[in-house]
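Since the structure comes first, as C-alpha coordinates, the remarks are kept for the end.
Numbering (the numbering used here), first residue to last: 242 to 581.
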(Lines of atoms letter the chains of each structure in order from A and count residues from 1; the text may use other names and numbers.)
(Lines give C-alpha, C1' and ligand atoms only; values in the text may rest on other atoms or scores of the structure.)
Protein backbone atom coordinates (compact mmCIF):
# COMPACT_ATOMS: atom_id res chain seq x y z
CA UNK A 1 0.00 0.00 0.00
CA UNK A 2 2.79 2.40 0.91
CA UNK A 3 4.65 1.52 -2.29
CA UNK A 4 1.56 2.29 -4.41
CA UNK A 5 1.15 5.64 -2.65
CA UNK A 6 4.81 6.45 -3.27
CA UNK A 7 4.43 5.59 -6.95
CA UNK A 8 1.40 7.86 -7.29
CA UNK A 9 3.28 10.74 -5.68
CA UNK A 10 6.21 10.20 -8.01
CA UNK A 11 3.95 10.21 -11.08
CA UNK A 12 2.22 13.35 -9.85
CA UNK A 13 5.57 15.09 -9.29
CA UNK A 14 6.73 14.15 -12.79
CA UNK A 15 3.48 15.39 -14.33
CA UNK A 16 3.67 18.70 -12.47
CA UNK A 17 7.31 19.16 -13.50
CA UNK A 18 6.36 18.51 -17.12
CA UNK A 19 3.65 21.16 -17.10
CA UNK A 20 5.91 23.68 -15.35
CA UNK A 21 8.58 23.35 -18.04
CA UNK A 22 5.99 23.49 -20.83
CA UNK A 23 4.53 26.64 -19.31
CA UNK A 24 7.93 28.26 -18.86
CA UNK A 25 8.89 27.50 -22.47
CA UNK A 26 5.61 29.03 -23.65
CA UNK A 27 5.91 32.29 -21.73
CA UNK A 28 9.74 32.63 -21.94
CA UNK A 29 10.79 31.22 -25.31
CA UNK A 30 14.55 31.15 -25.99
CA UNK A 31 15.86 33.72 -28.44
CA UNK A 32 16.09 32.55 -32.02
CA UNK A 33 19.44 32.73 -33.88
CA UNK A 34 18.04 35.65 -35.89
CA UNK A 35 17.16 37.59 -32.73
CA UNK A 36 20.58 36.91 -31.23
CA UNK A 37 22.27 38.08 -34.43
CA UNK A 38 20.28 41.34 -34.38
CA UNK A 39 21.16 41.97 -30.72
CA UNK A 40 24.87 41.35 -31.15
CA UNK A 41 25.02 43.51 -34.29
CA UNK A 42 23.47 46.42 -32.40
CA UNK A 43 25.63 46.06 -29.29
CA UNK A 44 28.90 45.68 -31.19
CA UNK A 45 28.32 49.05 -32.84
CA UNK A 46 28.32 51.15 -29.67
CA UNK A 47 31.36 53.08 -28.58
CA UNK A 48 32.23 55.32 -25.66
CA UNK A 49 33.79 58.72 -26.27
CA UNK A 50 35.23 61.31 -23.93
CA UNK A 51 34.09 64.91 -23.90
CA UNK A 52 35.43 67.23 -21.24
CA UNK A 53 32.56 69.67 -21.78
CA UNK A 54 29.25 69.81 -19.98
CA UNK A 55 27.50 67.73 -22.63
CA UNK A 56 29.69 64.68 -22.14
CA UNK A 57 27.93 61.44 -23.01
CA UNK A 58 30.91 59.42 -21.92
CA UNK A 59 31.48 57.02 -19.08
CA UNK A 60 34.19 59.13 -17.44
CA UNK A 61 34.78 59.33 -13.71
CA UNK A 62 32.87 62.26 -12.31
CA UNK A 63 30.44 62.47 -15.22
CA UNK A 64 27.13 60.79 -15.91
CA UNK A 65 27.39 58.08 -18.53
CA UNK A 66 24.65 57.46 -21.05
CA UNK A 67 24.26 55.33 -24.14
CA UNK A 68 26.77 56.62 -26.67
CA UNK A 69 27.02 57.04 -30.40
CA UNK A 70 27.72 54.23 -32.79
CA UNK A 71 31.24 53.08 -33.48
CA UNK A 72 32.56 52.73 -37.01
CA UNK A 73 31.61 49.46 -38.67
CA UNK A 74 34.61 47.15 -38.71
CA UNK A 75 35.79 44.73 -41.33
CA UNK A 76 35.88 41.09 -40.29
CA UNK A 77 38.98 40.55 -38.19
CA UNK A 78 41.77 38.15 -39.03
CA UNK A 79 44.36 36.48 -36.83
CA UNK A 80 47.61 38.37 -36.40
CA UNK A 81 49.32 36.36 -33.64
CA UNK A 82 48.65 32.97 -32.07
CA UNK A 83 49.58 32.52 -28.39
CA UNK A 84 49.86 28.90 -27.29
CA UNK A 85 50.23 27.16 -23.94
CA UNK A 86 49.51 23.69 -22.63
CA UNK A 87 45.97 24.70 -21.68
CA UNK A 88 44.84 27.31 -24.21
CA UNK A 89 45.31 28.98 -27.57
CA UNK A 90 44.69 32.73 -27.80
CA UNK A 91 44.35 34.58 -31.07
CA UNK A 92 45.21 38.28 -31.33
CA UNK A 93 43.68 40.02 -34.35
CA UNK A 94 44.92 42.90 -36.50
CA UNK A 95 43.15 45.46 -34.30
CA UNK A 96 45.24 44.38 -31.30
CA UNK A 97 42.35 42.54 -29.61
CA UNK A 98 42.07 39.03 -28.24
CA UNK A 99 39.65 37.65 -30.81
CA UNK A 100 39.39 34.08 -29.50
CA UNK A 101 40.43 31.88 -26.59
CA UNK A 102 40.30 28.12 -27.07
CA UNK A 103 40.49 25.92 -23.96
CA UNK A 104 42.42 22.71 -24.59
CA UNK A 105 41.87 20.68 -21.42
CA UNK A 106 39.65 17.64 -21.84
CA UNK A 107 37.28 18.72 -19.06
CA UNK A 108 36.23 21.69 -21.17
CA UNK A 109 35.46 19.71 -24.32
CA UNK A 110 31.91 19.89 -25.65
CA UNK A 111 29.67 16.87 -26.25
CA UNK A 112 31.37 16.22 -29.60
CA UNK A 113 34.84 16.33 -28.05
CA UNK A 114 35.76 19.73 -29.52
CA UNK A 115 37.79 22.35 -27.69
CA UNK A 116 35.69 25.06 -26.06
CA UNK A 117 35.92 28.52 -27.68
CA UNK A 118 34.75 31.13 -25.19
CA UNK A 119 34.52 34.37 -27.22
CA UNK A 120 31.60 35.14 -29.51
CA UNK A 121 32.74 36.29 -32.97
CA UNK A 122 30.08 39.03 -32.99
CA UNK A 123 30.77 40.63 -29.59
CA UNK A 124 33.24 43.30 -28.43
CA UNK A 125 36.68 41.78 -27.90
CA UNK A 126 39.15 42.12 -25.01
CA UNK A 127 41.80 44.85 -25.42
CA UNK A 128 39.72 46.89 -27.85
CA UNK A 129 40.70 50.55 -27.55
CA UNK A 130 38.22 53.36 -28.25
CA UNK A 131 39.14 57.03 -28.45
CA UNK A 132 37.11 60.04 -27.32
CA UNK A 133 37.90 61.83 -30.58
CA UNK A 134 35.29 60.57 -33.04
CA UNK A 135 37.46 60.99 -36.16
CA UNK A 136 40.43 59.37 -34.47
CA UNK A 137 38.20 56.51 -33.33
CA UNK A 138 36.95 55.95 -36.88
CA UNK A 139 40.52 55.94 -38.15
CA UNK A 140 41.59 53.46 -35.47
CA UNK A 141 38.88 51.01 -36.52
CA UNK A 142 40.28 51.04 -40.06
CA UNK A 143 43.99 50.97 -39.27
CA UNK A 144 45.54 47.61 -38.33
CA UNK A 145 48.30 47.13 -35.79
CA UNK A 146 51.75 46.02 -36.93
CA UNK A 147 53.58 43.11 -35.31
CA UNK A 148 57.33 43.17 -35.80
CA UNK A 149 57.83 39.81 -34.09
CA UNK A 150 56.78 36.22 -34.59
CA UNK A 151 53.24 35.22 -35.58
CA UNK A 152 53.32 32.37 -33.06
CA UNK A 153 54.19 32.69 -29.37
CA UNK A 154 54.61 29.68 -27.06
CA UNK A 155 54.21 30.50 -23.37
CA UNK A 156 54.20 26.90 -22.11
CA UNK A 157 57.56 27.36 -20.42
CA UNK A 158 57.20 30.96 -19.30
CA UNK A 159 55.95 34.47 -20.12
CA UNK A 160 56.45 35.97 -23.57
CA UNK A 161 55.92 39.59 -24.64
CA UNK A 162 54.17 40.76 -27.80
CA UNK A 163 54.60 44.34 -29.07
CA UNK A 164 51.97 45.81 -31.40
CA UNK A 165 52.01 49.28 -32.97
CA UNK A 166 49.20 51.27 -34.57
CA UNK A 167 50.20 54.44 -36.45
CA UNK A 168 47.36 56.96 -36.73
CA UNK A 169 47.39 60.47 -38.20
CA UNK A 170 47.93 62.26 -34.89
CA UNK A 171 49.09 59.57 -32.48
CA UNK A 172 50.93 56.26 -32.38
CA UNK A 173 49.53 53.57 -30.09
CA UNK A 174 51.78 50.84 -28.70
CA UNK A 175 50.54 47.76 -26.88
CA UNK A 176 53.03 45.64 -24.95
CA UNK A 177 51.29 42.44 -23.87
CA UNK A 178 53.05 39.85 -21.72
CA UNK A 179 51.24 36.51 -21.86
CA UNK A 180 51.67 33.90 -19.12
CA UNK A 181 50.96 30.12 -19.03
CA UNK A 182 48.00 30.50 -16.61
CA UNK A 183 45.89 32.75 -18.86
CA UNK A 184 47.08 35.86 -17.05
CA UNK A 185 48.53 38.64 -19.13
CA UNK A 186 49.83 42.15 -18.45
CA UNK A 187 49.20 44.95 -20.92
CA UNK A 188 50.74 48.41 -21.19
CA UNK A 189 49.14 50.86 -23.61
CA UNK A 190 51.24 53.88 -24.57
CA UNK A 191 50.21 56.81 -26.77
CA UNK A 192 52.76 59.14 -28.36
CA UNK A 193 50.56 62.16 -27.60
CA UNK A 194 48.12 62.85 -24.78
CA UNK A 195 44.91 61.28 -26.08
CA UNK A 196 42.05 60.16 -23.81
CA UNK A 197 40.84 56.64 -24.56
CA UNK A 198 39.10 53.62 -23.09
CA UNK A 199 40.11 49.96 -23.10
CA UNK A 200 37.78 47.04 -22.40
CA UNK A 201 38.08 43.44 -21.21
CA UNK A 202 35.36 42.80 -23.79
CA UNK A 203 31.84 41.47 -23.67
CA UNK A 204 31.54 38.56 -21.27
CA UNK A 205 32.85 35.23 -22.61
CA UNK A 206 30.52 32.25 -22.94
CA UNK A 207 31.04 28.70 -21.68
CA UNK A 208 27.50 27.69 -20.76
CA UNK A 209 24.26 28.19 -22.68
CA UNK A 210 21.95 27.35 -19.77
CA UNK A 211 19.03 29.72 -19.17
CA UNK A 212 18.13 28.91 -15.58
CA UNK A 213 19.33 30.36 -12.25
CA UNK A 214 22.51 31.88 -13.67
CA UNK A 215 24.19 35.22 -13.05
CA UNK A 216 26.07 36.74 -15.97
CA UNK A 217 27.35 40.22 -16.64
CA UNK A 218 29.90 42.57 -15.04
CA UNK A 219 31.49 42.42 -11.60
CA UNK A 220 33.47 45.29 -10.12
CA UNK A 221 35.30 45.23 -6.79
CA UNK A 222 35.61 48.83 -5.67
CA UNK A 223 38.28 50.60 -3.67
CA UNK A 224 36.05 50.09 -0.61
CA UNK A 225 36.21 46.29 -1.18
CA UNK A 226 32.48 46.18 -1.95
CA UNK A 227 31.64 43.83 -4.82
CA UNK A 228 29.15 45.28 -7.30
CA UNK A 229 27.41 43.12 -9.89
CA UNK A 230 25.54 44.39 -12.96
CA UNK A 231 23.70 41.50 -14.57
CA UNK A 232 22.97 41.12 -18.25
CA UNK A 233 19.97 43.21 -19.21
CA UNK A 234 20.22 45.41 -16.09
CA UNK A 235 22.89 47.94 -17.07
CA UNK A 236 21.88 51.58 -16.60
CA UNK A 237 24.82 53.14 -18.41
CA UNK A 238 25.91 55.48 -15.62
CA UNK A 239 27.68 53.02 -13.30
CA UNK A 240 31.21 54.20 -12.55
CA UNK A 241 33.84 53.18 -10.02
CA UNK A 242 37.00 55.11 -9.21
CA UNK A 243 40.14 53.24 -8.18
CA UNK A 244 38.41 49.87 -8.61
CA UNK A 245 40.46 46.77 -7.91
CA UNK A 246 38.77 44.23 -10.21
CA UNK A 247 36.63 44.67 -13.34
CA UNK A 248 35.36 41.34 -14.65
CA UNK A 249 33.06 40.43 -17.54
CA UNK A 250 31.89 36.99 -16.48
CA UNK A 251 29.86 33.97 -17.47
CA UNK A 252 29.01 30.99 -15.31
CA UNK A 253 32.41 29.29 -15.64
CA UNK A 254 34.70 31.78 -17.42
CA UNK A 255 35.63 35.44 -17.22
CA UNK A 256 37.66 38.19 -18.86
CA UNK A 257 38.96 40.65 -16.30
CA UNK A 258 41.29 43.54 -15.58
CA UNK A 259 42.71 44.08 -12.09
CA UNK A 260 45.01 46.49 -10.28
CA UNK A 261 45.38 46.08 -6.51
CA UNK A 262 47.91 48.90 -6.16
CA UNK A 263 46.66 52.03 -7.94
CA UNK A 264 43.18 50.90 -8.95
CA UNK A 265 41.30 51.62 -12.18
CA UNK A 266 38.72 54.19 -13.23
CA UNK A 267 35.94 51.93 -14.48
CA UNK A 268 32.77 52.85 -16.34
CA UNK A 269 30.04 50.55 -17.62
CA UNK A 270 28.42 51.18 -20.98
CA UNK A 271 24.85 50.04 -21.53
CA UNK A 272 24.62 47.98 -24.69
CA UNK A 273 21.49 47.99 -26.86
CA UNK A 274 20.12 44.87 -25.14
CA UNK A 275 20.87 46.23 -21.66
CA UNK A 276 24.01 44.14 -21.14
CA UNK A 277 26.94 45.82 -19.35
CA UNK A 278 30.20 46.50 -21.17
CA UNK A 279 33.21 47.43 -19.01
CA UNK A 280 35.67 50.17 -19.96
CA UNK A 281 38.76 51.41 -18.13
CA UNK A 282 39.87 54.98 -18.75
CA UNK A 283 43.40 55.57 -19.96
CA UNK A 284 45.58 58.45 -21.07
CA UNK A 285 49.23 58.42 -22.16
CA UNK A 286 50.55 55.25 -20.45
CA UNK A 287 48.19 52.74 -18.84
CA UNK A 288 49.33 49.45 -17.30
CA UNK A 289 46.82 46.75 -16.36
CA UNK A 290 46.94 43.20 -15.10
CA UNK A 291 44.47 40.91 -16.83
CA UNK A 292 43.18 37.36 -17.02
CA UNK A 293 40.92 35.46 -19.37
CA UNK A 294 39.84 31.87 -18.90
CA UNK A 295 38.10 29.56 -16.42
CA UNK A 296 37.20 30.92 -12.98
CA UNK A 297 39.18 28.18 -11.30
CA UNK A 298 39.86 29.01 -7.66
CA UNK A 299 43.38 27.59 -7.70
CA UNK A 300 44.42 29.56 -10.78
CA UNK A 301 43.04 32.85 -9.48
CA UNK A 302 44.46 32.31 -5.99
CA UNK A 303 47.91 31.59 -7.44
CA UNK A 304 47.80 34.89 -9.35
CA UNK A 305 46.55 36.84 -6.32
CA UNK A 306 44.36 35.53 -3.47
CA UNK A 307 42.15 38.63 -3.70
CA UNK A 308 41.33 37.70 -7.29
CA UNK A 309 39.11 34.86 -6.03
CA UNK A 310 36.54 37.57 -5.24
CA UNK A 311 35.82 37.54 -8.97
CA UNK A 312 34.10 34.16 -8.53
CA UNK A 313 30.38 34.96 -8.37
CA UNK A 314 28.37 32.77 -5.98
CA UNK A 315 25.05 34.62 -6.21
CA UNK A 316 22.68 35.59 -3.41
CA UNK A 317 23.70 32.73 -1.12
CA UNK A 318 27.44 33.41 -1.15
CA UNK A 319 27.63 33.07 2.63
CA UNK A 320 26.55 29.41 2.23
CA UNK A 321 27.97 28.66 -1.20
CA UNK A 322 31.56 29.66 -0.42
CA UNK A 323 32.09 27.28 2.52
CA UNK A 324 30.28 24.47 0.67
CA UNK A 325 32.54 25.11 -2.32
CA UNK A 326 35.63 24.71 -0.14
CA UNK A 327 34.22 21.42 1.18
CA UNK A 328 33.66 20.24 -2.41
CA UNK A 329 37.24 21.13 -3.31
CA UNK A 330 38.50 19.16 -0.30
CA UNK A 331 36.42 16.10 -1.21
CA UNK A 332 37.55 16.25 -4.83
CA UNK A 333 41.20 16.48 -3.78
CA UNK A 334 40.75 13.51 -1.46
CA UNK A 335 38.77 11.10 -3.68
CA UNK A 336 39.56 12.56 -7.10
CA UNK A 337 35.91 12.59 -8.20
CA UNK A 338 33.41 15.46 -8.22
CA UNK A 339 30.53 13.00 -8.31
CA UNK A 340 31.19 11.92 -4.72
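A virtual CB, placed ideally from N, CA and C, is assigned to each residue, including glycine.
Note that the structure is a prediction, hence the values are computed from the model and not measured.
Cβ separation of residue i and residue j, assumed to be a contact under 8 Å, to the nearest whole Å
i, j, result
"residue 409", "residue 420", "Contact doesn't hold; Cβ gap of about 25 Å is too wide."
"residue 405", "residue 388", "6 Å"
"residue 407", "residue 448", "With 8 Å as the limit, residue 407 and residue 448 do not qualify as a contact, their Cβ atoms being about 31 Å apart."
"residue 532", "residue 506", "About 11 Å separates the two Cβ atoms, so there is no contact after all."
Opening and closing residue of the beta strand (DSSP E) in which residue i lies
i, result
"residue 343", "339 to 344"
"residue 321", "320 to 325"
"residue 496", "495 to 500"
"residue 394", "393 to 395"
"residue 426", "425 to 432"
"residue 536", "527 to 536"
"residue 417", "413 to 420"
"residue 369", "369 to 372"
"residue 401", "401 to 408"
"residue 336", "No beta strand (DSSP E) contains residue 336, which DSSP labels as neither H nor E."
"residue 441", "438 to 441"
"residue 470", "468 to 472"
Top-ranked residue by Cα proximity to residue i, from the options
i, options, result
"residue 467", "369, 548, 328", "548"
"residue 534", "504, 528, 441", "441"
"residue 465", "446, 471, 487", "487"
"residue 361", "499, 432, 444, 554", "444"
"residue 327", "397, 478, 359, 349", "397"
"residue 510", "427, 458, 496, 503", "458"
"residue 438", "572, 366, 359, 375", "375"
"residue 422", "350, 542, 482", "542"
"residue 364", "515, 353, 344", "515"
"residue 546", "500, 343, 504, 527", "500"
"residue 359", "322, 424, 504, 321", "424"
"residue 527", "343, 428, 342, 377", "428"
"residue 483", "324, 323, 522, 342", "522"
"residue 492", "446, 504, 530", "446"
Cβ-based burial, residue i [other Cβ within 10 Å; buried from 16]
i, result
"residue 355", "exposed"
"residue 544", "exposed"
"residue 392", "exposed"
"residue 540", "exposed"
"residue 370", "buried"
"residue 554", "buried"
"residue 399", "exposed"
"residue 269", "With a pLDDT of 45 at residue 269, under the threshold of 50, the modelled position of this residue cannot be trusted, and the question is left open."
"residue 502", "exposed"
"residue 346", "exposed"
"residue 411", "exposed"
"residue 495", "buried"
"residue 390", "exposed"
"residue 352", "exposed"
"residue 576", "exposed"
"residue 435", "exposed"
"residue 366", "buried"
"residue 477", "exposed"
N-terminal and C-terminal residue of the alpha helix (DSSP H) that residue i is part of
i, result
"residue 515", "No alpha helix (DSSP H) contains residue 515, which DSSP labels as neither H nor E."
"residue 378", "375 to 381"
"residue 488", "That residue, residue 488, is in no alpha helix (DSSP H); its beta strand (DSSP E) goes 487 to 491."
"residue 457", "That residue, residue 457, is in no alpha helix (DSSP H); it is neither H nor E in DSSP."
"residue 542", "539 to 545"
Rounded C-alpha distance that separates residue i from residue j
i, j, result
"residue 319", "residue 335", "6 Å"
"residue 300", "residue 485", "Residue confidence for residue 300 is low, a pLDDT of 39 falling below 50, so the modelled location carries little weight and cannot support an answer."
"residue 379", "residue 430", "19 Å"
"residue 383", "residue 470", "34 Å"
"residue 525", "residue 395", "31 Å"
"residue 490", "residue 508", "12 Å"
"residue 450", "residue 433", "42 Å"
"residue 413", "residue 386", "10 Å"
"residue 233", "residue 415", "Since the first residue of the chain shown is 242 and the last is 581, residue 233 is not available in this structure."
"residue 330", "residue 475", "32 Å"
"residue 350", "residue 512", "32 Å"
"residue 518", "residue 473", "6 Å"
"residue 373", "residue 337", "18 Å"
"residue 461", "residue 552", "8 Å"
"residue 572", "residue 537", "19 Å"
"residue 504", "residue 332", "29 Å"
"residue 348", "residue 339", "23 Å"
"residue 530", "residue 520", "14 Å"
"residue 590", "residue 324", "Coverage of the chain is limited to positions 242 through 581, which leaves residue 590 absent and any answer about it impossible."
"residue 322", "residue 341", "11 Å"
"residue 455", "residue 426", "27 Å"
"residue 343", "residue 550", "22 Å"
"residue 463", "residue 418", "25 Å"
"residue 481", "residue 377", "24 Å"
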